[in-house]
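In our numbering, the protein residues as written are 80 to 794. Encoded as structure tokens, the structure appears first; notes follow it.
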């Protein structure tokens, strides 16, 4: 009798869900007990299948989705059921068990037939704005300092609105228009995202190492690739590190985002967001474990956040990375040598200096204080040769041979100058300090920046020609350096741009303008010129993909917004009565339009570019009336008299003489190599042969107009 009670009871027919999972079904209809308990959809077939029908369903290779609707296909139901089960139990697992589970799921997903690995999930295909209500979490207490391109934009916008007949907008501090996309909400559903196909994964990794890695080489590429290949082949023991898996998925997200340029407006895929959500799901150990891998994981995430316009979130992630790095001694050279191999030491140095460089870049972009001060760390600079990293090879490059590491070492030096620019020119108390000291600091910093450019290795000199140089990496690194140079030089001289209009209420700067008019005008000229040079770098960009891959995409939006703002200010402040107005306006309009075209082209696939485009379109529609009503007429009159005594244009009529000489801080040989491959050196030197001609108030001949147009990049 007990044997009969324990004997397995069979039912005439099991539901499709239980049959697909080979689970016991009690045959209860319309919903069997097992499906009811697990919350599955219980579906019953109409009758017994034929042998041919059974073979179609039982073999993954012979799976034909069109034979059954997706919601009734037993294989798809089985995969969905297991996904649901994993989502339920995963939050209750420990971190190590969760990492092992995620690693195994990634491998299993990769082995599934394509029909099953690419199941349509409505939640996964939704754009980010459909998640959790409004989608993005806005920061109500966001601070942007004086160096911020967004703050400068709104300062200009406010000044221009004050000079129009339209009532000014009343905008609170937390409602200011910005290209930052806010904070992308985390995915709390527990869904696991599988690996991309091998071909796509290889392409994504190649994109990362050919763009971001050549600027921030904190990941050992040979070591990473060996581990990646092992993991892809199913060596799960090598892939159980959740932080390393998070790095892998972040690289996938960066590669997928770069790969999406260009795309049409009908393409609504957000695969890069799905990979990044999976990376975040794997990064839970960052708050409990301070390791080098966790620092690299946070750094990798920073570049995805920068590329997608989530600047504030990047700022926070970098701050956490710096703290984790300091907690394991990355900021002290002796701590690196005490317990690490030479390869690990080099990895740590590159990781630390990557944070150092990125910290300065974000501080300048957002106008906030730097987190890493030079007196607070003592770390040797990275090795100058590529062969010393990740392997102890005896065949290293000679000292005179160009390497990809030369760029990283030069950017470290550049970042030190950048830090001094922030502390000397853009500290919170800048405008209340002695304006004469600010002027001297600008002159000194400009000399340092010019000296830095002239000391670059020959293969990185962006101002010289490079005929027959076929290295894509060196070309991209030169583009990065040129963008950094022109952008920083624009920001260094931007405090002197149109002082009468932008700083008319500041008594210190008005006194500076009256006392050192020629120097202030020369600095204003440099600011406008460097903004034009930034726009000129884009003249030969063929398409959106070239721009994203060949330039530092993670900072391009900020640089272009800064340049276009300066150009539009210069255009709006031109004296309409000056005889050169038409040519000046045309040159400035064309350069500003170049930036607008780039924003417009990238806006299809970049929300940050779309917002920046809309910001500049609104500013472009604003124009200044002939005279401001709130400027001290006494100050303007005094400056006008001093200007006439000096036989130079009146600064109260801004920028009508900005083509004058600008070599007040440079030697006579500096202009011989400037700007080289970026513009015609003969045309550039032509303006210095008879500089007084450009300051003449008389009408220009047709030949002079042609030369003037060519100088400004319009010929």
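A virtual CB, placed ideally from N, CA and C, is assigned to each residue, including glycine. Source: prediction; values computed, not measured.
Below 6 Å CB to CB, which residues in the same chain sit around residue i once its five sequence neighbours on both sides are set aside?
{"i": "residue 406", "result": "369"}
{"i": "residue 93", "result": "104"}
{"i": "residue 640", "result": "228 and 691"}
{"i": "residue 663", "result": "653"}
{"i": "residue 693", "result": "none"}
{"i": "residue 541", "result": "557, 560 and 561"}
{"i": "residue 224", "result": "446 and 447"}
{"i": "residue 137", "result": "With a pLDDT of 35 at residue 137, under the threshold of 50, the modelled position of that residue is not reliable, and the figure given next carries that caveat. Contacts found: none."}
{"i": "residue 351", "result": "332, 335 and 336"}
{"i": "residue 538", "result": "481 and 553"}
{"i": "residue 340", "result": "623, 624, 627 and 684"}
Would you mind sorting residue i into buried or exposed? The rule is 16 or more other CB atoms within 10 Å of its CB.
{"i": "residue 119", "result": "buried"}
{"i": "residue 127", "result": "Low per-residue confidence applies at residue 127: pLDDT is 47, beneath 50, and the placement is therefore not dependable enough to give any value."}
{"i": "residue 99", "result": "buried"}
{"i": "residue 95", "result": "buried"}
{"i": "residue 818", "result": "Since the first residue of the chain shown is 80 and the last is 794, residue 818 is not available in this structure."}
{"i": "residue 168", "result": "exposed"}
{"i": "residue 572", "result": "buried"}
{"i": "residue 619", "result": "exposed"}
{"i": "residue 635", "result": "buried"}
{"i": "residue 623", "result": "buried"}
{"i": "residue 427", "result": "buried"}
{"i": "residue 494", "result": "buried"}
{"i": "residue 109", "result": "exposed"}
{"i": "residue 513", "result": "exposed"}
{"i": "residue 304", "result": "exposed"}
{"i": "residue 391", "result": "buried"}
{"i": "residue 604", "result": "buried"}
{"i": "residue 532", "result": "buried"}
Taking the alpha helix (DSSP H) that residue i belongs to, which residues open and close that run?
{"i": "residue 632", "result": "632 to 651"}
{"i": "residue 225", "result": "It is not in any alpha helix (DSSP H) - residue 225 carries neither H nor E in the DSSP assignment."}
{"i": "residue 675", "result": "660 to 681"}
{"i": "residue 435", "result": "421 to 445"}
{"i": "residue 338", "result": "321 to 338"}
{"i": "residue 579", "result": "578 to 581"}
{"i": "residue 480", "result": "Run containing residue 480: none; DSSP gives neither H nor E here."}
{"i": "residue 530", "result": "514 to 533"}
{"i": "residue 99", "result": "95 to 99"}
{"i": "residue 102", "result": "Note, residue 102: premise wrong, no alpha helix (DSSP H); not H, not E."}
{"i": "residue 283", "result": "277 to 290"}
{"i": "residue 301", "result": "300 to 311"}
{"i": "residue 594", "result": "586 to 594"}
{"i": "residue 376", "result": "371 to 386"}
{"i": "residue 353", "result": "350 to 360"}
{"i": "residue 690", "result": "686 to 699"}
Per the DSSP calculation, residue i is bridged to which residue(s)?
{"i": "residue 411", "result": "457"}
Excluding the 5 residues preceding and the 5 following residue i in the sequence, name in chain order all residues of the same chain whose CB lies nearer than 8 Å to its CB.
{"i": "residue 399", "result": "365 and 377"}
{"i": "residue 97", "result": "103, 104, 111, 113 and 114"}
{"i": "residue 245", "result": "For residue 245, the predicted model reports a pLDDT of 47, less than 50, meaning its position is unreliable and no value from the coordinates is stated."}
{"i": "residue 698", "result": "232, 235, 236, 239, 644 and 647"}
{"i": "residue 123", "result": "92, 94, 95, 108 and 109"}
Do residue i and residue j have their C-beta atoms within less than 8 Å of each other?
{"i": "residue 496", "j": "residue 519", "result": "no"}
{"i": "residue 576", "j": "residue 645", "result": "yes"}
{"i": "residue 371", "j": "residue 430", "result": "yes"}
{"i": "residue 498", "j": "residue 449", "result": "yes"}
{"i": "residue 362", "j": "residue 332", "result": "no"}
{"i": "residue 547", "j": "residue 491", "result": "no"}
{"i": "residue 387", "j": "residue 337", "result": "no"}
{"i": "residue 432", "j": "residue 293", "result": "no"}
{"i": "residue 425", "j": "residue 461", "result": "yes"}
{"i": "residue 408", "j": "residue 415", "result": "yes"}
{"i": "residue 226", "j": "residue 578", "result": "no"}
{"i": "residue 650", "j": "residue 671", "result": "yes"}
{"i": "residue 311", "j": "residue 277", "result": "yes"}
Spatial neighbours of residue i within its chain, please: C-beta separation below 7 Å, excluding the five flanking residues on both sides.
{"i": "residue 689", "result": "682"}
{"i": "residue 504", "result": "517, 520, 521, 571 and 574"}
{"i": "residue 795", "result": "Outside the shown range of the chain, which is 80 to 794, sits residue 795, and nothing can be said about it."}
{"i": "residue 282", "result": "334 and 338"}
With 8 Å set as the bound, which would you pick, yes or no: does the beta-carbon of residue i sit closer than that to a beta-carbon of chain D?
{"i": "residue 491", "result": "Of the protein chains in this structure there is only one, and it is not chain D."}
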